[in-house]
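Reading through the C-alpha cells given below for one structure.
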Amino acid sequence: MNTQVVNLKEHINPRDGHPKSPGSGHIVIEDVEITFGAGAERNHAVTRTSLDIKPGEFVCILGPSGCGKSTLLNSIAGYVSPTHGNVSVDDRKVVGPGPDRGMVFQQYSLFPWKTIRDNIAFGPKVAGRSTVECGSIANTFLEMVGLTKFANKYPAELSGGMQQRVGIARALANYPSVLLMDEPFGALDAQTRLVMQENLLNIWADFGITVVFVTHDVDEAIFLADRVLIMSASPGSVIADLEVPLPRPRDPAMAISEDFLELKKLCLERIRAESTRAFEQQNS
Amino acid sequence: MTISGQSSSALKDDQTPLSEQSSTQTEQDAGVADVTINRNLNEVLPIRNVFASAVAIIRKHALQTSISVMSLVVGVYLWHLATAYKVDLYINFQNVPPPLKVWSAFWTHMGQADFYIHMAVSMQRILTAYLTAAVLGIVIGVLMGRSRIARSVVYPYIEILRPIPAVAWIPLAILMWPTEEGSIVFITLLGALFPIILNTLHGVEQTPEVLVRAAKSLGASRLQIFRHVILPAALPSISAGLAIGMGVSWFSLLAGEIISGQYGIGYFTWDAYSLINFPDIVVGMLVIGCLGTLSTYAVRLAMKPFLAWQKRSR
Chain E
1 MNTQVVNLKE HINPRDGHPK SPGSGHIVIE DVEITFGAGA ERNHAVTRTS LDIKPGEFVC
61 ILGPSGCGKS TLLNSIAGYV SPTHGNVSVD DRKVVGPGPD RGMVFQQYSL FPWKTIRDNI
121 AFGPKVAGRS TVECGSIANT FLEMVGLTKF ANKYPAELSG GMQQRVGIAR ALANYPSVLL
181 MDEPFGALDA QTRLVMQENL LNIWADFGIT VVFVTHDVDE AIFLADRVLI MSASPGSVIA
241 DLEVPLPRPR DPAMAISEDF LELKKLCLER IRAESTRAFE QQNS
Chain P
1001 MTISGQSSSA LKDDQTPLSE QSSTQTEQDA GVADVTINRN LNEVLPIRNV FASAVAIIRK
1061 HALQTSISVM SLVVGVYLWH LATAYKVDLY INFQNVPPPL KVWSAFWTHM GQADFYIHMA
1121 VSMQRILTAY LTAAVLGIVI GVLMGRSRIA RSVVYPYIEI LRPIPAVAWI PLAILMWPTE
1181 EGSIVFITLL GALFPIILNT LHGVEQTPEV LVRAAKSLGA SRLQIFRHVI LPAALPSISA
1241 GLAIGMGVSW FSLLAGEIIS GQYGIGYFTW DAYSLINFPD IVVGMLVIGC LGTLSTYAVR
1301 LAMKPFLAWQ KRSR
C-alpha cells in the first residue's frame, strides 16, 4: 500500500521524469505553398506562408471555414506535404506524422473498441513501453483530465467534453513537444467549451508545450492564445499576426476587458473584410 | 493539476452509487500489486451479472420466443393436415411424407451409427472448408481494402466467379483435385469465400480515416495500425461475412457431396433421392437446416467477445 501511495505522488506531475528539453517545440514554416489537384481543378489551399512559432508559445490560427487553416495545421502534423517550401520542428524537417507532434481532432477520433485507459496508453504502447509503464502513464493522464473513474468505459459511454479530454490526454501521453489542435472544442456546447478552454490552459501551463490551435471562434482564439494568426480564404494565407496583450493566468472575466474587446474588434474587422472580399470573388 | 470543472450530467450520475468503490480503485490503480484485487472484483461481479442478465433476456424475449415456437408448431400441424387430407391445390401434397413419418425415419436413423458418421463427416468438411475460407477471405479482403493494386488484380476474379453456383463446379473440381475429399472441400470453401471477402473489404473501406490519422500521429507503424485500428474497425462487417459464409458453405456442401461415394449428410440426402425415399430426403434437408442454423449461431457467439464494445456504444 505504501509503495502505491509513493507511486501516485511520483506520477501526479506528468512532467516528472520526462523533462522537456529546454527550447523544444520550435516550429518553422518557410515559404510554404500547398495545392491540391491539377489543371483547372487546381486549388491553392495555402499560399506562400512563412511563420516562426517559438517553443512553448500558444498560437491560434483563426479564419473562416475553407480558408486553409486546417491544411496548414496538417502540414505541421505531417498529413499533408507542402507543394513548395519547408516545415520543420526543432530543426527537423517534417516528413510525416509522428509522436513528437500530438494531434487532437474535432471529434470521434478515439478508438471506439478501446477503453479510455487503452486509448490513452496507445501511444506509449506502440512505442514499445512495458505494460506496467503504459498503465502508470495512463493513470497519470487519466488523473490529469479527471477521468480516473471512467478508465474502463468505452468512448461512446462518455459525453463529448469528456471524450475531448481523453483526446488531449492521449496526445500528451507521448510527451510531445508540440500539440496540434484542429477545432477541438467546435462540437461542444458553449458551457462545456468554456470549461475545456480553462482546462487546456492549465495543462499548457504545466507542460510548457507549444500549442497550435485552429478555430473559427474569435473569443476562443483571444482567450487562449499568445498570438492570433488570421487567415483569409482563396488563396489561403496569413493576413494578420496579432500579439494578445492579456496577462496570464487568463480568467474568463477578461472577456469583457478593454484589451480583449479591442483585439476582438480588430480581428472581426479583418475577418469581415476578408469574408466580403471572398464572397464577392465567388460571385463575380 | 486535476481537472474537475466539467459538470456534465454523466459525471453526476456516476458519482453517487460508485463513489466509495471508485475512490479505492483510484488508489489501487496507481500501483502494480493491485492487479489481482481488481481482477477478483471484476470476476465476482460478472458471474452474478450473467445469471441476472440471462433471466432478464429470457423474460424480455419470452413473448417472442413463445410466438416463434407456436409458429413452428402451427406450421408442422398444417403440414400434417395437408398430407393427411392429400391436399392438391396446384401444389400437390399427395406424395409428400407426413411429419410423423419423417419423425419416425429420423428416430430410426438416430439409433444407427451411420447417421452420426454422415453428420460427423459433413461437419468435418464444413470445418476444414470454412476455416480455410475464413483465413483466405479475411486476408484477401484486407489486402484489397488497403492496396489498390491488389484490388484491381483480384476484383475481376471475384466478380466473375461469384455468380457461379456450387453445382456447376463439380466436374472441374473432380478434374482438378487429386482426391474426392479435396474437391468436396474445395466446392464448400468457394461458397463461404466470397461473402467473407466482400464483407471484409467493405469493413476495411469503412474504417474512419480520422482513426488511421490519429494512430499515425501517436506513432503507430503500418502493422500496428492494421492490428489496432483497421482490423477492429472492420470486425463488425467481417463477423457478418463470417456468419453469412457459414450459411452458404452448408448449401455448397450439399452440392459437393454429390461427388461423395459414401458419407456426408448431403450424400445421405442425395442417396435418399436416388432411392426415392421421401421421408429420408426430408430428414436430410431438416438436418442440414438445423446444423446450418446451429453453426451460424456458433459463429455469432464466437465473435461476440470481440464486439462487446459495440454493444456498450449503443
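Order-wise, the sequence lines are chains E and P.
Count the first sequence with this note's numbering and you get residues 1 to 284, in order.
Count the second sequence with this note's numbering and you get residues 1001 to 1314, in order.
Glycine is no exception: its CB is placed at the ideal position from the N, C-alpha and C atoms.
Confirm, please, whether the CB-CB distance from residue j to residue i is below 7 angstroms.
{"i": "L1286 (chain P)", "j": "G1266 (chain P)", "result": "no"}
{"i": "R1162 (chain P)", "j": "F1194 (chain P)", "result": "yes"}
{"i": "I307 (chain E)", "j": "V89 (chain E)", "result": "No answer is possible for residue 307 (chain E): it lies beyond the span of chain E, which begins at 1 and ends at 284."}
{"i": "G68 (chain E)", "j": "G208 (chain E)", "result": "no"}
{"i": "V46 (chain E)", "j": "I53 (chain E)", "result": "no"}
{"i": "P30 (chain E)", "j": "G85 (chain E)", "result": "It is worth fixing the name first, because residue 30 (chain E) is Glu in this sequence and not Pro. Yes."}
{"i": "N174 (chain E)", "j": "G123 (chain E)", "result": "yes"}
{"i": "R1160 (chain P)", "j": "T1200 (chain P)", "result": "Residue identity differs from the one stated: residue 1160 (chain P) is Ile in this sequence, not Arg. Taking 7 angstroms as the Cβ cut-off, I1160 (chain P) and T1200 (chain P) do not qualify as a contacting pair."}
{"i": "A169 (chain E)", "j": "V132 (chain E)", "result": "no"}
{"i": "R1279 (chain P)", "j": "K1086 (chain P)", "result": "The question names Arg, but residue 1279 (chain P) is Pro in the sequence shown. Taking 7 angstroms as the Cβ cut-off, P1279 (chain P) and K1086 (chain P) do not qualify as a contacting pair."}
{"i": "A1272 (chain P)", "j": "I1281 (chain P)", "result": "yes"}
{"i": "D1242 (chain P)", "j": "V1299 (chain P)", "result": "The residue you asked about is not Asp; residue 1242 (chain P) is Leu in the sequence shown. The answer is yes: Cβ separation under 7 angstroms."}
{"i": "S1249 (chain P)", "j": "Y1130 (chain P)", "result": "yes"}
{"i": "L109 (chain E)", "j": "A1214 (chain P)", "result": "Going by the sequence as given, residue 109 (chain E) is Ser instead of Leu. Their beta carbons are under 7 angstroms apart, which means S109 (chain E) touches A1214 (chain P) by this criterion."}
{"i": "Q106 (chain E)", "j": "A190 (chain E)", "result": "no"}
{"i": "P1099 (chain P)", "j": "V1069 (chain P)", "result": "no"}
{"i": "G1203 (chain P)", "j": "A1234 (chain P)", "result": "yes"}
{"i": "G1247 (chain P)", "j": "G1292 (chain P)", "result": "yes"}
{"i": "G128 (chain E)", "j": "A171 (chain E)", "result": "no"}
{"i": "D251 (chain E)", "j": "P176 (chain E)", "result": "no"}
{"i": "V126 (chain E)", "j": "Q1224 (chain P)", "result": "yes"}
{"i": "P55 (chain E)", "j": "G78 (chain E)", "result": "no"}
{"i": "T49 (chain E)", "j": "V228 (chain E)", "result": "no"}
{"i": "V104 (chain E)", "j": "V94 (chain E)", "result": "no"}
{"i": "M254 (chain E)", "j": "L263 (chain E)", "result": "no"}
{"i": "I1184 (chain P)", "j": "S1295 (chain P)", "result": "no"}
{"i": "E57 (chain E)", "j": "D226 (chain E)", "result": "yes"}
{"i": "G66 (chain E)", "j": "A233 (chain E)", "result": "yes"}
Measure how close the beta-carbons of residue i and residue j come, nearest whole angstrom, since I'm counting them as under 8 angstroms.
{"i": "G1245 (chain P)", "j": "G1137 (chain P)", "result": "7 angstroms"}
{"i": "L201 (chain E)", "j": "L180 (chain E)", "result": "About 17 angstroms; that fails the 8 angstroms criterion."}
{"i": "I1117 (chain P)", "j": "Y1263 (chain P)", "result": "6 angstroms"}
{"i": "L51 (chain E)", "j": "V214 (chain E)", "result": "Going by Cβ atoms, the distance from L51 (chain E) to V214 (chain E) rounds to 13 angstroms, so no, they are not a contact pair."}
{"i": "L1081 (chain P)", "j": "A1133 (chain P)", "result": "Not a contact, Cβ separation roughly 42 angstroms."}
{"i": "I116 (chain E)", "j": "F150 (chain E)", "result": "5 angstroms"}
{"i": "P1236 (chain P)", "j": "L1307 (chain P)", "result": "6 angstroms"}
{"i": "V1154 (chain P)", "j": "I1140 (chain P)", "result": "6 angstroms"}
{"i": "V211 (chain E)", "j": "I76 (chain E)", "result": "V211 (chain E) to I76 (chain E), Cβ: 11 angstroms. No contact."}
From what residue to what residue does the alpha helix (DSSP H) around residue i run?
{"i": "S1295 (chain P)", "result": "1278-1303"}
{"i": "T71 (chain E)", "result": "69-77"}
{"i": "D1271 (chain P)", "result": "1265-1274"}
{"i": "E198 (chain E)", "result": "190-207"}
{"i": "R165 (chain E)", "result": "160-172"}
{"i": "D118 (chain E)", "result": "116-120"}
{"i": "E220 (chain E)", "result": "218-224"}
{"i": "A1233 (chain P)", "result": "1231-1256"}
{"i": "P97 (chain E)", "result": "Per DSSP, P97 (chain E) belongs to no alpha helix (DSSP H) and is neither H nor E."}
Since residue i is in the beta strand (DSSP E), which residue starts that stretch and which ends it?
{"i": "F105 (chain E)", "result": "No beta strand (DSSP E) contains F105 (chain E), which DSSP labels as neither H nor E."}
{"i": "E269 (chain E)", "result": "No beta strand (DSSP E) contains E269 (chain E), which is instead part of the alpha helix (DSSP H) from 258-283."}
{"i": "A58 (chain E)", "result": "Per the sequence presented here, residue 58 (chain E) reads as Phe, with Ala not at that position. First-last of the beta strand (DSSP E) with F58 (chain E): 58-62."}
{"i": "S130 (chain E)", "result": "From DSSP, S130 (chain E) is part of no beta strand (DSSP E); its letter is neither H nor E."}
{"i": "D52 (chain E)", "result": "43-53"}
{"i": "R227 (chain E)", "result": "227-232"}
{"i": "M181 (chain E)", "result": "178-182"}
{"i": "I1259 (chain P)", "result": "Premise fails: I1259 (chain P) is in no beta strand (DSSP E) and is neither H nor E."}
{"i": "A240 (chain E)", "result": "237-243"}
{"i": "I34 (chain E)", "result": "27-36"}
{"i": "G85 (chain E)", "result": "84-89"}
{"i": "T286 (chain E)", "result": "The first residue shown for chain E is 1 and the last is 284, placing residue 286 (chain E) beyond what the model contains."}
**Study point:** 4 or more residues per run - each alpha helix (DSSP H) lying fully within the segment 1071-1157 of chain P
**Key:** 1099-1110, 1113-1146
Worksheet item: Got a sec: which bits of the segment 1183-1201 of chain P sit with their beta carbon under 9 angstroms from any beta carbon on chain E, in order along the chain?
Response: none
Extract the residue ranges of the beta strand (DSSP E) inside the segment 1183-1211 of chain P, only unbroken runs of 3 or more that lie entirely within it. none
Along the segment 1212-1226 of chain P, what residues have a CB closer than 8 angstroms to any CB found in chain E?
R1213, A1214, A1215, K1216, S1217, L1218, G1219, A1220, S1221, Q1224
- Please name the residues in the segment 1227-1239 of chain P whose beta-carbon is closer than 9 angstroms to at least one beta-carbon of chain E, in chain order. H1228, V1229, P1232, A1233, L1235
### Task
Mind checking the segment 91-102 of chain E against chain P and listing, in chain order, the residues whose C-beta falls within less than 8 angstroms of any C-beta there?
G96, P97, G98, P99, R101, G102
Given a limit of 9 angstroms on CB to CB distance, which residues of the segment 1124-1148 of chain P reach chain E?
none
ask   = What are the residues of the segment 119-138 of chain E that lie near chain P, defined by any Cβ-Cβ distance shorter than 7 angstroms?
value = F122, G123, V126, A127, V132
**Item:** Positions along the segment 60-94 of chain E whose CB lies within less than 7 angstroms of some CB in chain P
**Value:** A77, Y79
* Determine which residues of the segment 1163-1175 of chain P have a Cβ less than 9 angstroms from any Cβ of chain E, and write them out in chain order. => none
Item to check | Residues of the segment 151-171 of chain E whose Cβ lies closer than 9 angstroms to any Cβ of chain P, in chain order | outcome: A151, N152, K153, Y154, P155, A156, E157, L158, S159, G160, G161, M162, R165, G167, R170, A171
**OP:** Note down, in chain order, all residues in the segment 1088-1102 of chain P with a beta-carbon under 9 angstroms from any beta-carbon belonging to chain E.
**Re:** none
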